[in-house]
Amino acid sequence: MKSLIIYLLFTGLFGFASVQAQQKNQRPKVVRYDLYVNDTIVNYSGKPKMAMAVNGSIPGPALVFTEGDTAEIYVHNLMDMETSIHWHGVFLPNNMDGVPFLTQMPIKPHATFLYKFPVIQNGTYWYHSHTMLQEQSGMYGALIFNKKNEPDIPAIPVVLSDWTDMKPEEVDRSLHNANDWFAIRKGTTQGYAEAIQKGYFKTKVVNEWKRMNAMDVSDVYYEKFLTNGKHINEQPQFKAGEKVKLRIVGGSSSTYFWLTYAGGKITVVANDGNDIQPVEVDRLIISPSETYDVIVSIPQGKSYEFLSTAEDRTGSTSLWLGSGTKVPAKPLGKLKYFEGMKMMNGMMKMNGDMEPMGMEMSNQQMDMNAVMYPEVTGDSYGKKKSASAPKMDSSEMKGMDMGEKPDLVTLNYGMLKATEKTTLRKGPEKLLRFELTGNMNRYVWTIDNKTVSESDKILIKKGENVKIILYNNSMMRHPMHLHGHDFRVLNGQGEYAPLKNVLDIMPMETDTIEFAATESGDWFFHCHILYHMMSGMGRIFSYEGSPPNLLIPDPKAAIQKLYADDRKMHLMANIGLESNGSDGTARLANTRYSVSTEWRLGLKSRDGFESETYFGRYIGKMQWFMPFIGFDYHYNSRENGSEKNMLGQLTNQSNRKAFVMGMQYTLPMLVTAEARLDSKGKLRFQLKREDIPITNRLRLNLSGNTDREYMAGFRYAMTKYFSLSTHYDSDMGYGGGITITY
């Protein structure tokens, strides 16, 4: 009876078909699944690697229910670590939502937890771990809620995902430490040699003058992209003339996929579990965590490729529909990164903010990345580029014609129109404005420059209508997901605005969503790029007056565990082992704080040992400014000389023990300027630039200070952790050897 009341509430709110009509067709029933979560070994790239599987497979089994059923899902944790499962897009009791330390405590090792909820909706959804980075390791699967009268058309779940041989924790650490190994693997470092070769030297200089790193559209290098756990998935059972519904799940941790089909048009009929009026397109992009239902046809007795290509074009995965001669989809060409860099230069202000475009740019209707797509603007660079490529002057941005070919129809949110009215019931409105902010270099992702742990819960009241205006002031797309609710996307469709639970918002976009506050408890709202979420890009909506959650016996301690995700410290080190000694840096840092030590150890005893240890806090949205305190220690066997620095003060370089305080600031061209004062009263100014990209793997390092200390060197990356290196140091002379990068 309780499930029926809840269902009636939702049908009244959103205008779904009546319960009575559905009950005539099928009686509700309890449907049980047992999910066994365990470690496993997979081999997607030729190397066996550890992974996590549900019932022995990646993805886990597709769980199928019919609207009106009661779901009973027993999760058996066979691992030696905690886990959890979130039911993405599902309307359910708050304590069943599956967010550890927020709606439940984690499922302990070798324990079983029952998720039980009424199925009061229909559509394509999915499930995944919400514990740490387990989703990246394989803990995900499709969740299908059929209608009482499901259309009689063949349908299959299509779970798209990404796989890295690297441990997810190491991926996360590498991103936070600005390691560019992923860019090296993808060939997207955009070094100065390539810029000169392609006629974009000025563009590269302007890019670094505005303190931007190389242009990219994704964060991580992946060895493989998968369709239902396979790089190539074949479904030969479909015959000529048949229509097939693909229930597509964006189950990736951070990859956007472009979807194209060799057999003709793609008809989009649902998004995030909600029906839309059918739209025919040539292609669409699916963000991490979105779902789309699409219908494709099998034109002849052949096998047609449904191609899913990673947004950065580094790889793809194929689903072949039908049997016979293979008809491949046209592959998508390599991105023109310097065109994208030139575009971003015109949009980025010197203070790091994006040039706002207002509501003229919303709902994916103007894809600025189109300048990089060879299928849109041609294959050539520079002066030879297609005449259809847009101009990059900032004054012309708002009137930009992206130059898309008229015969290439790309889906955007403005095309989505609900099949029934979605207008919210009357109620008081709560208006919120969120600015999506971030720092790509230090990999800090925030809302209004605050992480989840730095912000209070957002209090809302049952009965309110919550409207959120989001502005993306970062250079990355963000798929923003709201747990436990659907929201209306205000896209110009009026009463038929589409319902979604994920909003992919592109750089510079301003989008507006609204939802009816009808629930209870705490609900997560976050970016669904896994590594952005773990970095702190999210908020918690909390219903006022909610009863205590009995699954969280100590809420204060639990929330601190949740906050620990974006407070995590990450270690990095560069250790040079060369013929003149060792110099290097080690740093332990998180979102705001950094503890670092820099050393120089001479191979000869007369060269001695030097170290500088700093503790600092990053200030500001872009984190270009860091005040610090620390200790400076220099020692060698030589007596102190009377050498003066460039400011006329004694340097005392041989034997110095002093406390220091000062500040670092990132200048244009990504040069770190440092000014400090030590406890002996001596001032020092220093300029330093590390990892200047010369070629894809060759880096130049430069530094100099007013103590007449200077250094210049090269590093050539052989692997993620080892480089050949050489440098000249004013104290230790020339040296060559290797550098270990961690």
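The sequence shown runs -21 to -1, 1 to 721 under mature numbering (1 follows the signal peptide of the UniProt record, and there is no 0). All C-beta atoms in this analysis are idealised placements derived from N, C-alpha and C, irrespective of residue type, glycine included. Quantities reported herein were computed from a predicted structural model and do not represent experimental measurements.
- Note that the C-beta distance between E523 and K440 is below 9 Å.
- Nearest in C-alpha terms to L666, of all of L649, G230, T576, V431, is L649.
- DSSP places T246 inside the beta strand (DSSP E), whose first and last residues are 245 to 250.
- The C-beta separation of D545 from G555 comes to about 32 Å, leaving the pair out of contact by the 8 Å criterion.
- Partner residues in the beta bridge of G714, as assigned by DSSP, are H706.
- For G303, no alpha helix (DSSP H) segment is defined, and its DSSP state is neither H nor E.
- P257 and I265 have their C-alpha atoms some 17 Å from each other.
- Within the DSSP bridge table, the entry for F588 names L580, Y614 as partners.
- C-alpha of S63 to C-alpha of L42: approximately 16 Å in a straight line.
- In this structure, the beta-carbon distance from F494 to D465 falls below 9 Å.
- Annotation: the continuous beta strand (DSSP E) that includes Q214 extends over 211 to 214.
- Judged by pairs of C-beta atoms under 8 Å, the stretch 514 to 523 does not touch the stretch 53 to 69, as fewer than three such pairs exist.
- A Cβ-Cβ separation of about 29 Å leaves P458 out of contact with P672 under the 8 Å criterion.
- By alpha-carbon distance to P486, the top candidate from T91, D195, N420, Y695 is D195.
- A straight line joining the alpha-carbon of P477 with that of A90 spans about 40 Å.
- Counting only runs of 3 or more residues that sit fully inside the stretch 525 to 571, the beta strand (DSSP E) segments are 549 to 557, 560 to 568, in chain order.
- Distance check between P136 and each of W105, Y450, M111, F503 places W105 closest, using alpha-carbon atoms only.
- Straight-line spacing of the CA atoms in S232 and L703 works out to 33 Å.
- Taking 3 residues as the shortest admissible run, the stretch 466 to 504 contains the following complete beta strand (DSSP E) segments, listed from N- to C-terminal end: 466 to 468, 481 to 484, 489 to 495.
- Distance between G473 and D490, taken at the CA atoms: about 15 Å.
- Within the DSSP bridge table, the entry for K203 names W142 as partners.
- Around the beta carbon of V9, a 10 Å sphere encloses fewer than 16 other beta carbons of the protein chains shown; the residue is thus reported as exposed.
- If you keep only unbroken alpha helix (DSSP H) runs of at least 4 residues inside the stretch 108 to 170, you get 147 to 155, 160 to 165.
- In this structure, P38 lies away from S116, with their beta-carbon atoms at least 9 Å apart.
- Apart from sequence neighbours up to five positions away, the residues of its chain that approach H507 with a beta-carbon distance below 6 Å are P267, S268, P458, H460, ordered along the chain.
- Between the alpha carbons of V247 and D272 lies a distance of about 6 Å.
- In terms of Cα proximity to G102, the closest of N156, N480, I717 is N480.
- Within the model, the alpha-carbon separation for L311 versus W299 is close to 17 Å.
- Checking the DSSP bridge columns, you'll see G230 has no partner listed.
- Taking 9 Å as the cut-off, the Cβ atoms of N74 and G517 do not count as close.
- Beta-bridge partners assigned by DSSP to L656: M640, L662.
- Pairing D291 with K165 gives a Cβ-Cβ distance under 9 Å.
- Membership of P458 in the beta strand (DSSP E) is indicated by the continuous run 457 to 461.
- Rounded to whole angstroms, the gap between the alpha carbons of F504 and H706 is 48 Å.
- Comparing C-alpha distances from L626 to each of M327, F664, T645 shows the shortest one belongs to F664.
- Under the 8 Å Cβ criterion, the stretch 78 to 88 does not count as touching the stretch 114 to 134, having fewer than three qualifying pairs.
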